[in-house]
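Inspection log for the structure reproduced underneath, given as structure tokens.
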Amino acid sequence: MTVQNENEEKRDESGVSQGTALDNENLWGSDMYPERRGGKFQHSWLKILFGAQGRESIDKNRCEHNVYKCIQEGPIIKLMMGALKSSGCEIDIRRHISCEVCNPSVTGGYDSELNQVVICQNSAYNENMVRGVLVHEMIHMFDYCRNKLDVKNIDHLACTEIRAANLGHCSFMSSLLQGDSSFINIKATHQNCVKHKARLSVMAVHKVSKEVAEAAIERVFTKCYNDLEPIGRRVRRNSFDMPRAYAEGHLYGYDV
Ligand SMILES: [Zn+2]
Numbered sequence: 001m002t003v004q005n006e007n008e009e010k011r012d013e014s015g016v017s018q019g020t021a022l023d024n025e026n027l028w029g030s031d032m033y034p035e036r037r038g039g040k041f042q043h044s045w046l047k048i049l050f051g052a053q054g055r056e057s058i059d060k061n062r063c064e065h066n067v068y069k070c071i072q073e074g075p076i077i078k079l080m081m082g083a084l085k086s087s088g089c090e091i092d093i094r095r096h097i098s099c100e101v102c103n104p105s106v107t108g109g110y111d112s113e114l115n116q117v118v119i120c121q122n123s124a125y126n127e128n129m130v131r132g133v134l135v136h137e138m139i140h141m142f143d144y145c146r147n148k149l150d151v152k153n154i155d156h157l158a159c160t161e162i163r164a165a166n167l168g169h170c171s172f173m174s175s176l177l178q179g180d181s182s183f184i185n186i187k188a189t190h191q192n193c194v195k196h197k198a199r200l201s202v203m204a205v206h207k208v209s210k211e212v213a214e215a216a217i218e219r220v221f222t223k224c225y226n227d228l229e230p231i232g233r234r235v236r237r238n239s240f241d242m243p244r245a246y247a248e249g250h251l252y253g254y255d256v
């Protein structure tokens, strides 16, 4: 699950309830992804009064256009698609990627039961955001394909969220900090970014407390943080890493 940054602190303060009970209704229920499982986003009367109805089809169009562009042009997305194909889980964008209206606190999700990546058309509104969500959720898809990821197991979930934050979001963030940080600081900052981001996702998916999520992350951190498949290196924005990772895909045995 890709959680919006702006809502991080709010989410922390709301004190998500304790417990590890997780059924499908919880995970893919109407609160986060109202269009999943046959639901359809309902217009609110307020929106209709303000003349904002009909926005959903415009958003969906834009979202699908952005997905298409990322797949056509993004080396990192091509690398992920190649890795999935080589692992026997080839992506058909019409079947496996879906633009939907979501709760505004999330920008994307991976539905392991239907093996689908959800892009939240109302919150991931530009190409960069869509690309970020695609990389993140495709890492979950890859883990599900490769390791039979069980998202109901909190350690499994913590592991794949660590990997998604490590190879996606936090790699971009760390490059922004490099100007004024020493190498040691970058390393610590990067690890903290990964832990923070993974914790928010674990808390949101499993509806557990901060402490429970942190404990799961600590249990698997070293192993999962050092597992860089299939990208092979943490990708930094505005660096040559993306094309390079893509160009080296064949060295990892991926069909790119
Ligand atoms: Zn996630």
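Sequence positions in the sequence shown follow full-length UniProt numbering and run 1 to 256. Idealized CB from N, CA, C, for every residue including glycine. Treat the numbers as computed from the prediction; the structure is a model and nothing was measured.
1. Check whether the Cβ of H206 sits closer than 7 Å to any heavy atom of ligand 1, and report yes or no.
2. Going straight from the alpha carbon of Q121 to that of K187, what length do you get?
3. Starting from C70, trace the alpha helix (DSSP H) in both directions and tell me its first and last residue.
4. Please name the residue, chosen from L84, E100 and S57, that lies closest to P34 on a Cα-to-Cα basis.
5. Taking a contact to mean a Cβ-Cβ separation below 8 Å, would you say R219 touches D155 in this structure?
6. Do you know whose CA, among H206, V130 and L167, lies nearest N61's CA?
7. Could you tell me whether the region 139–158 touches the region 109–121, where touching means 3 or more Cβ pairs closer than 8 Å?
8. Which residue spans inside the region 88–147 form an unbroken alpha helix (DSSP H) run of at least 4?
9. Does the distance from the CB of G168 to the CB of V135 come in under 8 Å?
10. Which value, in whole angstroms, describes the spacing of the CA atoms of S98 and K152?
11. Taking C-alpha atoms, which residue in S105, T160, I119 and I77 lies nearest to A198?
12. Given L22, which residues of its chain have a CB within under 7 Å of its CB, disregarding the five upstream and five downstream residues?
13. Distance, Cα to Cα, S209 vs M203?
14. By Cβ distance below 7 Å, which residues in the same chain neighbour L157 in space, the five residues on each side in sequence not counted?
15. With DSSP run on the structure shown, which of helix, strand or coil describes V194?
16. Taking just the CA atoms, how far does C89 sit from R37?
17. Relative to the alpha-carbon of T2, which residue among V133, F221 and E56 has its alpha-carbon at the smallest distance?
18. Can we count H136 as close to ligand 1, meaning its CB is less than 7 Å from some heavy atom?
Reading from the atomic positions:
1. Numbered from its first residue, the sequence shown carries residue 206 at position 206. Every heavy atom of ligand 1 is 7 Å or more from the Cβ of H206, so no.
2. One-based indexing of the sequence shown puts residue 121 at position 121. One-based indexing of the sequence shown puts residue 187 at position 187. Rounded to the nearest angstrom, the two C-alpha atoms are 33 Å apart.
3. Taking the first residue of the sequence shown as 1, we reach residue 70 at position 70. Note, C70: alpha helix (DSSP H), R55 to E73.
4. Looking up residue 34 in the sequence shown gives position 34. Of the listed residues, the one whose Cα sits closest to P34 is E100.
5. Taking the first residue of the sequence shown as position 1, residue 219 is located at position 219. Taking the first residue of the sequence shown as position 1, residue 155 is located at position 155. Taking 8 Å as the Cβ cut-off, R219 and D155 qualify as a contacting pair.
6. Taking the first residue of the sequence shown as position 1, residue 61 is located at position 61. If we check each option's Cα against that of N61, V130 comes out closest.
7. yes
8. 93–96 and 127–147
9. As a first step, residue 168 must be located in the sequence shown, where it is residue number 168. As a first step, residue 135 must be located in the sequence shown, where it is residue number 135. For G168 and V135, yes; Cβs fall inside 8 Å.
10. Counted from its first residue, the sequence shown places residue 98 at position 98. Counted from its first residue, the sequence shown places residue 152 at position 152. Whole-angstrom Cα-Cα distance: 22 Å.
11. Translated into the one-based positions of the sequence shown, residue 198 becomes position 198. Residue T160 is the option with its Cα nearest to A198.
12. Indexing the sequence shown from 1 puts residue 22 at position 22. Note that L22 has pLDDT 43, beneath the 50 cutoff, so the model's placement of it is unreliable and no number is given.
13. In the sequence shown, counting from the first residue as 1, residue 209 sits at position 209. In the sequence shown, counting from the first residue as 1, residue 203 sits at position 203. Distance between the alpha carbons of S209 and M203 is about 6 Å.
14. Within the sequence shown, residue 157 is the residue found at index 157, counting from 1. Correct list, in chain order: V151, V202, V205 and H206.
15. Counting from one through the sequence shown, the residue named residue 194 turns up at place 194. V194 falls in the helix class under three-state DSSP.
16. Sequence index remark: in the sequence shown, residue 37 carries index 37 (1-based). Sequence index remark: in the sequence shown, residue 89 carries index 89 (1-based). Cα to Cα, R37 sits roughly 22 Å from C89.
17. Along the sequence shown, read from residue 1 onward, the residue named residue 2 stands at position 2. T2 has its Cα closest to that of V133, out of V133, F221 and E56.
18. Walking along the sequence shown from the start, residue 136 turns up at place 136. H136: yes, Cβ under 7 Å from ligand 1.
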